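Residue numbers for the sequence shown, in our numbering: 132 to 214.
A virtual CB, placed ideally from N, CA and C, is assigned to each residue, including glycine.
As the structure is a computational prediction, the values presented were derived from the model and not from experiment.
Read the structure below first, then the notes.
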Amino acid sequence: MSTQGHTWARQVKEGEEEDPLDQLISRSGCAASHYAVQECMAQHQDWRQCQPQVQAFRDCMSEQQARRREELQRRKEQGSAHS
132 MSTQGHTWAR
142 QVKEGEEEDP
152 LDQLISRSGC
162 AASHYAVQEC
172 MAQHQDWRQC
182 QPQVQAFRDC
192 MSEQQARRRE
202 ELQRRKEQGS
212 AHS
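Below is the structure:
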């Protein structure tokens, strides 16, 4: 198997900061679907063949963003109720 392309599962070395995008994806709860997209891309080297994985990741991130918006709205409403 070829090792061309990106090293998708790069480990963070001691004293090295994790990539901000990796941090965001990890916090989102969508890391598994993100890694599925990366694995598919590494295998096929053609994003068109990875559309089911891309859609699953997109759906996961959309759900996470909606939850985040709802949480921020709740906090805003609670903050203004206490003022």
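Boundaries (first-last residue) of the alpha helix (DSSP H) holding residue i
{"i": "Cys-191", "result": "182-212"}
{"i": "Glu-170", "result": "162-175"}
{"i": "Asp-153", "result": "151-159"}
Neighbour-count burial assignment, residue i, 16 or more Cβ in a 10 Å radius
{"i": "Gln-184", "result": "buried"}
{"i": "Ser-211", "result": "exposed"}
{"i": "Ser-193", "result": "exposed"}
{"i": "Ser-157", "result": "exposed"}
Close beta carbons around residue i, own chain, < 7 Å, minus the five adjacent residues each side
{"i": "Cys-181", "result": "Val-168, Cys-171, Met-172 and His-175"}
CA-to-CA distance, residue j to residue i, given in whole angstroms
{"i": "Glu-208", "j": "Glu-149", "result": "34 Å"}
{"i": "Trp-178", "j": "Gln-186", "result": "11 Å"}
{"i": "Glu-147", "j": "Tyr-166", "result": "21 Å"}
Cβ-based neighbour list, residue i, same chain, cut-off 8 Å, excluding 5 preceding and 5 following
{"i": "Phe-188", "result": "Cys-161, Ser-164, His-165, Ala-167 and Val-168"}
{"i": "Ser-159", "result": "Cys-191, Met-192 and Gln-195"}
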